[in-house]
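First comes the structure, then the notes that go with it.
Have a look at this one:
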């Protein structure tokens, strides 16, 4: 009789309890969980995500926002948008959450070696990019220019502001922030994040761009990079989000055209998925 | 600053790239370089628009006066960007105020002389209108994106 192979899948579907070490409120609706793996053992690559389980409520896919090498704990930055994320937002130090993963294709840090890195985030989209920024800074000699451009709604909505300011003071990384709206208390840039691109130096033919934010932000940014600066679509990477359920390419909930976000992505080159942005409803 | 130095300065700006030398002479003859400290109002919303500007160094906030005390920053402009087109069309009024965010150096073009030069040389006028139209289109697109929830519902 043939032996079923489901146990491997079942293992991947079983969350592992991680202890909440701390909860940090980042913005009014955004918080970061610091999670302690059971044996201090958890490895991932920048750009990967986990399925985070609020016991008895449900699971959500959340990008990892910590360094892949520096800490023994895992940081996950979450916005309260639904029942699960609200439940996760009520957790306190000492509580437990379930973790499956890490899953997904990471940012192309290895492929980008020797190239300029143009990292462009919008809103909470900075969270999945932060491990890539950490990686670039921890392996600074591997890359040419490193540029971080960040856009958000108002000065009160700047995620990881202290860290962005710290990067802004460094000479080995260029960091610019812009907001959509501000009053006279704000001395930075006002305007969409794409307007920052023209203010920084990079070699379009030797640049890898990593972009994360809402789809409209990623589309407009990718088009600006391609049309305005001739950055090739295969060198522009975006990270996609759909309604993920299993995280391992079984259920099909996160299908995006012919791709599954969870296993083929969540990081894609714009060459792979750019045409899908033009199709309504995909 | 003499006209040759101004021509060199303008020639380094992408906004003027590819213009014929004789047109650069005409433009430079209407221009002067001006420096402002930080927090200085270059022009005021509703005021007479008597000049065009190109930012050489620094940053300028375009502000809309929304109430008795509040000023809303609509957009900031930076090195290499043109500032203001209220001077182009009657009634030649500024739609926004422009305030420097830091010490800022600009080239200021006299609006009356500039309009006269464009009217008398249609080739120059058409070329410059195309360039201004491109800037306007780009800023309009950016403003439209600011109106949608550009950084909203993600991750």
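Residue numbers (our numbering), protein chains in the order written: chain A, 1 to 282; chain B, 1001 to 1155. Glycine is no exception: its CB is placed at the ideal position from the N, C-alpha and C atoms.
- Query: Is there a Cβ from chain B that is less than 8 Å from the Cβ of residue 242 of chain A?
  - Reply: With 8 Å as the cut-off, residue 242 of chain A does not count as an interface residue toward chain B.
- Message: Would residue 1073 of chain B pass as an interface residue toward chain A - the criterion being a Cβ-Cβ separation below 8 Å?
- Response: Answer yes: the Cβ-Cβ gap between residue 1073 of chain B and chain A drops below 8 Å somewhere.
- Task: State the DSSP-derived secondary structure class of residue 114 of chain A, mapped to helix, strand or coil.
- Result: Three-state DSSP puts residue 114 of chain A in coil, outside helix and strand.
- List the endpoints of the continuous alpha helix (DSSP H) containing residue 263 of chain A. From DSSP, the alpha helix (DSSP H) with residue 263 of chain A extends over 261-264.
- Task: Compute the Euclidean distance between the alpha carbons of residue 31 of chain A and residue 74 of chain A, then round it to the nearest angstrom.
- Result: So the two alpha carbons sit approximately 14 Å from each other.
- Task: Apply the 10 Å Cβ neighbour rule to residue 1078 of chain B and answer buried if 16 or more other Cβ atoms are within range, or exposed otherwise.
- Result: Per the 10 Å Cβ criterion, buried.
- residue 226 of chain A versus chain B: which residues are under 8 Å apart at the beta carbon? Residues of chain B passing the Cβ test: none, with the nearest at roughly 15 Å.
- Task: Could you spell out where the beta strand (DSSP E) holding residue 1108 of chain B opens and where it closes?
- Result: Residues 1104-1110.
- Message: Looking only at its chain, what residues have a beta carbon closer than 7 Å to the beta carbon of residue 40 of chain A, apart from the 5 residues adjacent to it on each side?
- Response: The residues are 72.
- Query: On the three-state DSSP scale, how would you describe residue 187 of chain A?
  - Reply: Residue state, collapsed to three classes: coil.
- Message: With three or more beta-carbon pairs closer than 8 Å as the criterion, would you say the region 254-268 of chain A touches the region 1023-1038 of chain B?
- Response: In this structure the region 254-268 of chain A does not lie against the region 1023-1038 of chain B, because fewer than three pairs of beta carbons, one per stretch, are closer than 8 Å.
- Message: What would DSSP say about residue 212 of chain A, mapped onto helix, strand or coil?
- Response: Correct three-state label for residue 212 of chain A: strand.
- Item | Cβ of residue 1036 of chain B within 8 Å of any chain A Cβ | For residue 1036 of chain B, no Cβ of chain A is located within less than 8 Å of the residue's own Cβ.
- Query: Can you tell me whether residue 1014 of chain B is buried or exposed, with buried defined as 16 or more other CB within 10 angstroms of its CB?
  - Reply: When all chains shown are included, residue 1014 of chain B counts as exposed.
- Message: Using DSSP's beta-bridge definition, name the partner residues of residue 90 of chain A.
- Response: DSSP lists no partner for residue 90 of chain A.
- Spatial neighbours of residue 1093 of chain B in its chain, beta-carbon cut-off 8 Å, leaving aside the 5 residues before and after: Correct list, in chain order: 1046, 1047, 1048, 1049 and 1086.
- Name the two residues that bound the continuous alpha helix (DSSP H) containing residue 1010 of chain B. Segment 1003-1011, the alpha helix (DSSP H) holding residue 1010 of chain B.
- With 16 other CB atoms within 10 Å as the buried threshold, where does residue 1101 of chain B fall? Classification for residue 1101 of chain B: buried.
- Per DSSP, residue 76 of chain A forms a beta bridge with which residues? Partner(s): A:33 and A:64.
- Query: If we count Cβ pairs, one from each stretch, closer than 8 Å, do we get three or more for the region 1141-1155 of chain B versus the region 108-128 of chain A?
  - Reply: Yes, since at least three Cβ pairs between the region 1141-1155 of chain B and the region 108-128 of chain A fall closer than 8 Å, the two stretches touch.
- Proximal chain A residues relative to residue 1089 of chain B, where beta-carbon distance stays under 9 Å: Close partners of residue 1089 of chain B in chain A (Cβ separation under 9 Å) are lacking, with about 23 Å as the shortest Cβ gap.
- Item | Residues that residue 174 of chain A contacts on chain E, provided the C-beta gap is smaller than 9 Å | Absent from the structure is chain E; the protein chains it does hold are A and B.
- Task: Look up residue 198 of chain A in the DSSP assignment and say whether it is helix, strand or coil.
- Result: Per DSSP, reduced to three states, the secondary structure at residue 198 of chain A is helical.
- Which residues in the same chain have their Cβ closer than 6 Å to the Cβ of residue 1042 of chain B, if we skip the five residues on either side of it in sequence? Contacts found: 1098.
- Quick one: grab the DSSP three-state call for residue 28 of chain A. The answer is coil: DSSP assigns residue 28 of chain A none of H, G, I, E or B.
- Taking three-plus beta-carbon pairs below 8 Å as touching, is the region 52-62 of chain A in contact with the region 85-93 of chain A? Three or more beta-carbon pairs separated by less than 8 Å link the region 52-62 of chain A to the region 85-93 of chain A, which places the two stretches in contact.
- Item | C-alpha distance - residue 236 of chain A paired with residue 146 of chain A, whole-angstrom precision | Straight-line spacing of the CA atoms in residue 236 of chain A and residue 146 of chain A works out to 15 Å.
- Message: Comparing C-alpha positions only, which one of A:267, A:78 and A:230 sits nearest to residue 25 of chain A?
- Response: Considering only alpha carbons, the answer is A:78.
- Task: On the DSSP bridge assignment, give the partners of residue 1097 of chain B in chain order.
- Result: Residue 1097 of chain B is bridged to B:1063.
- Message: Which complete alpha helix (DSSP H) runs does the region 1021-1085 of chain B hold, if anything under 4 residues is left out?
- Response: Listed in chain order, the complete alpha helix (DSSP H) runs (minimum 4 residues) inside the region 1021-1085 of chain B are 1021-1029.
- Query: According to DSSP, is residue 143 of chain A helix, strand or coil?
  - Reply: Under the three-state reduction of DSSP output, residue 143 of chain A falls in the coil class, being neither helix nor strand.
- Item | Classification of residue 279 of chain A by the beta-carbon crowding that lies within 10 angstroms, buried from 16 upward | In summary, residue 279 of chain A is exposed, with fewer than 16 beta-carbon neighbours lying within 10 Å of its beta-carbon over all protein chains present.
- Query: For the candidate residues B:1054, B:1011 and B:1127, whose alpha-carbon lies nearest to that of residue 1083 of chain B?
  - Reply: If we check each option's Cα against that of residue 1083 of chain B, B:1054 comes out closest.
- Query: Comparing alpha-carbon positions, which option in A:109, A:142, A:114 and A:141 lies nearest residue 316 of chain A?
  - Reply: Residue 316 of chain A is absent from the structure shown; chain A starts at 1 and stops at 282.
- Task: Pick helix, strand or coil for residue 44 of chain A, following the three-state DSSP scheme.
- Result: Of the three classes helix, strand and coil, the one that applies to residue 44 of chain A here is coil, per DSSP.
- Output the boundary residues of the alpha helix (DSSP H) element that contains residue 1163 of chain B. Because chain B is modelled from 1001 through 1155, residue 1163 of chain B falls outside the range shown and cannot be assessed.
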